[in-house]
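Colleague: Dropping a structure here in structure tokens format, bear with me for questions.
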Amino acid sequence: MRAAFQKILLVALGLAVGLVLAESGLRLYGAYYRLSRASGAPPAGTIKILCAGDSFTYGMGAPADFGYPGHLQRLLDSKYGAGAYSVINAGVPGQNSSELADSIDFLLAAHRPHFLLVLTGANNYNLRGSNFFLFAPQELSAARNAALKADAFLSRLKTYKFFKLGAKLLLSRGRAGAYSPPPCSPAAQKALDAAMAQNDGKDFKAAAAIMEKALLKDGNCAELHFQAGRMLFYFRDFPAAFDHFRKGRETDPRHPFVNIFLSQEIPLLRPEVSGLALDKLLRHDLDLVLEAARRSGTAALIQTYPFATDSRRDWIRKASAAPFIDHHTVFLPLLAGEKHRQYLSGDEPDLLASHPNSAGYELMAANIYAAAKALALLPPPVLPAR
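Residues 7 to 392 in my numbering are what the sequence shown spells out, letter by letter.
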């Protein structure tokens, strides 16, 4: 009995030592990677600005390279000459703040910027990869809540993240090509085509009506349910949208659209649960982003959205140690006399939920430049190559 216990103890100690060595090795390699990566870097002396965020950073609503990063690049070129600054657009449409927090270490290591501009939080209704349930534990069973907290704690370890990524890759390969949903009837497909034409004209309500009418004749087309739900979602009729998503899931549980919008059900349909949780979530994720920037020696600046309707800008100003760029205050006077229509793309039914157009992004870039000047970050200091 004692000999068996000693063997178990030795195996446990061996595993512990192996994990410590693996963790140390991964951290050392990460440090080496950050220090040695130089390929594709701008010329020595160029100041790199990394713009990280969602579709408002990517530039949705404007032509390619006419989002605020592109406008900021041209503005800096005009002020300091080409090559003084390099503005990097790392915007990902649909990305939530937790996904940004999860990817920020990689972005900082890959681009090695001197400055980081952060604009995130608008997509936190999207629970994909989100830390939301850390702050809404009542929505989960005790077992799932414990598993989530354990995952959040273990995710600080490089070894855990390495094996977790490997498992995800294996699962994704196993699922690839495993299932293809059956085609809809010709009549249903014709309705889909007509509805998508309405969608292109941003008449989401009309598109949903076409598909709902088609469903009376062909209720077995899961894609009709999902697309009708998507149109109603864009029209902000969330209860009706999620009713279609559920029916689509019941019709074809294996359909690839099943999980696209259903993850958003709790924060949109149960605001009494999500309000405080989403507030805590954004604070938590921004703390992770700012801590990563601090570790890498990168100066970080937090931005607000142009027409924010919540109090995020106020608590960011109070709670964040990072410098603050307030687009909200700059854009707010434009509401008078509907001047804001000159700066918004109108790509959403609710105009004030739209992305800026090129003129709007140009105004954001000018505000970033003015804020950076006020913070004595410009003209460019003499900084070492990164």
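We put the beta carbon where it would ideally sit given N, CA and C, even for glycine. Everything numeric in this text was worked out from a predicted model, so none of it was measured.
Can you tell me the Cα-Cα spacing of L41 and D108, whole angstroms?
Modeller: At L41 the pLDDT is 48, less than 50, meaning the model places this residue with poor confidence; the figure from the coordinates comes in the next sentence. Roughly 21 Å separates the two Cα atoms.
Colleague: Are the beta-carbon atoms of F62 and L122 separated by less than 8 Å?
Modeller: no
Colleague: Measure the C-alpha to C-alpha separation of K219 and F239 and round it to an integer number of angstroms.
Modeller: Distance between the alpha carbons of K219 and F239 is about 17 Å.
Colleague: If I measure Cβ to Cβ from Q79 and keep anything under 8 Å in the same chain, skipping five residues before and after, which residues do I get?
Modeller: Excluding positions up to five away in sequence, the list reads Y91, S92, V93.
Colleague: In this structure, does DSSP put L131 in helix, strand or coil?
Modeller: Residue 131 is actually Tyr in this sequence, not Leu. In this structure, Y131 counts as coil in the three-state DSSP scheme.
Colleague: Which first and last residues belong to the alpha helix (DSSP H) in which A214 is found?
Modeller: 210–221
Colleague: Buried or exposed for Q374, going by 16 or more other Cβ atoms inside 10 Å?
Modeller: Going by the sequence as given, residue 374 is Ile instead of Gln. So I374 counts as buried.
Colleague: In the stretch 64–97, which residue ranges form an unbroken beta strand (DSSP E) of at least 3 residues, counting only runs that do not cross its ends?
Modeller: 91–97
Colleague: Evaluate the contact criterion for the stretch 56–71 versus the stretch 250–260: three or more CB pairs, one atom per stretch, below 8 Å.
Modeller: no
Colleague: Please classify Q348 as buried or exposed, where buried requires at least 16 neighbouring CB atoms within 10 angstroms.
Modeller: exposed
Colleague: Is it right to say I14 is buried, meaning 16 or more other beta carbons lie within 10 angstroms of its own, or is it exposed?
Modeller: exposed
Colleague: So, helix, strand or coil for L232, using DSSP?
Modeller: Checking the sequence shown, residue 232 turns out to be Phe, not Leu. DSSP places F232 in helix when its eight states are reduced to three.
Colleague: Can you check which of these residues, M202, I216, K85, P99, is closest to L384 by C-alpha distance?
Modeller: K85
Colleague: Between which two residues does the beta strand (DSSP E) harbouring G59 extend?
Modeller: 53–59
Colleague: Quick one: is K223 buried, meaning 16 or more other Cβ sit within 10 Å of its Cβ, or exposed?
Modeller: exposed
Colleague: Mapping the DSSP letters down to three states, classify P245 as helix, strand or coil.
Modeller: helix
Colleague: Roughly how many whole angstroms lie between the Cα atoms of D288 and S136?
Modeller: Position check: residue 288 holds Leu in this sequence, whereas Asp was assumed. Rounded to the nearest angstrom, the two C-alpha atoms are 10 Å apart.
Colleague: When you compare only the Cα positions, how much space is there between L19 and L106?
Modeller: 36 Å
Colleague: Which residue wins for smallest C-alpha separation from A246, given the options P262, K211, A376, G100?
Modeller: The residue with the shortest Cα to Cα distance from A246 is K211.
Colleague: Output yes or no for whether 8 Å exceeds the beta carbon distance between V17 and Y64.
Modeller: No, the pair does not count as a contact, with Cβ atoms beyond the cut-off.
Colleague: Taking C-alpha atoms, which residue in H346, H290, D243 lies nearest to N102?
Modeller: Closest option to N102, Cα to Cα, is H290.
Colleague: Work out the CA separation of L358 and G235 for me, nearest whole Å.
Modeller: Straight-line Cα distance between these residues: approximately 22 Å.
Colleague: What residues are listed by DSSP as bridge partners for L125?
Modeller: G59
Colleague: Please report how far the alpha carbon of A156 lies from the alpha carbon of A148, in whole angstroms.
Modeller: 12 Å
Colleague: Identify the residues that DSSP records as bridge partners of L238: which are they?
Modeller: Its beta-bridge partners do not exist; DSSP assigns none.
Colleague: Return the chain-ordered list of same chain residues with a C-beta closer than 6 Å to the C-beta of M370, the five sequence neighbours on each side being excluded.
Modeller: The residues are Y74, H333.
Colleague: CB H361 to CB M66, shorter than 8 Å?
Modeller: yes
Colleague: Between L381 and N363, is the Cβ-Cβ spacing less than 8 Å?
Modeller: Against a cut-off of 8 Å, the Cβ pair of N363 and L381 comes out as no contact.
Colleague: To the nearest angstrom, report how far apart A142 and L296 are at their CA atoms.
Modeller: Those two C-alpha atoms are separated by around 23 Å.
Colleague: Give me the Cα-Cα distance between I331 and G343, rounded to the nearest whole angstrom.
Modeller: 25 Å
Colleague: Considering Cα atoms alone, identify which of R8, L341, Y131 is closest to L284.
Modeller: Y131
Colleague: If you run the structure through DSSP and keep just helix, strand and coil, what is F138?
Modeller: helix
Colleague: For I14, which residues does DSSP report across the bridge?
Modeller: Its beta-bridge partners do not exist; DSSP assigns none.
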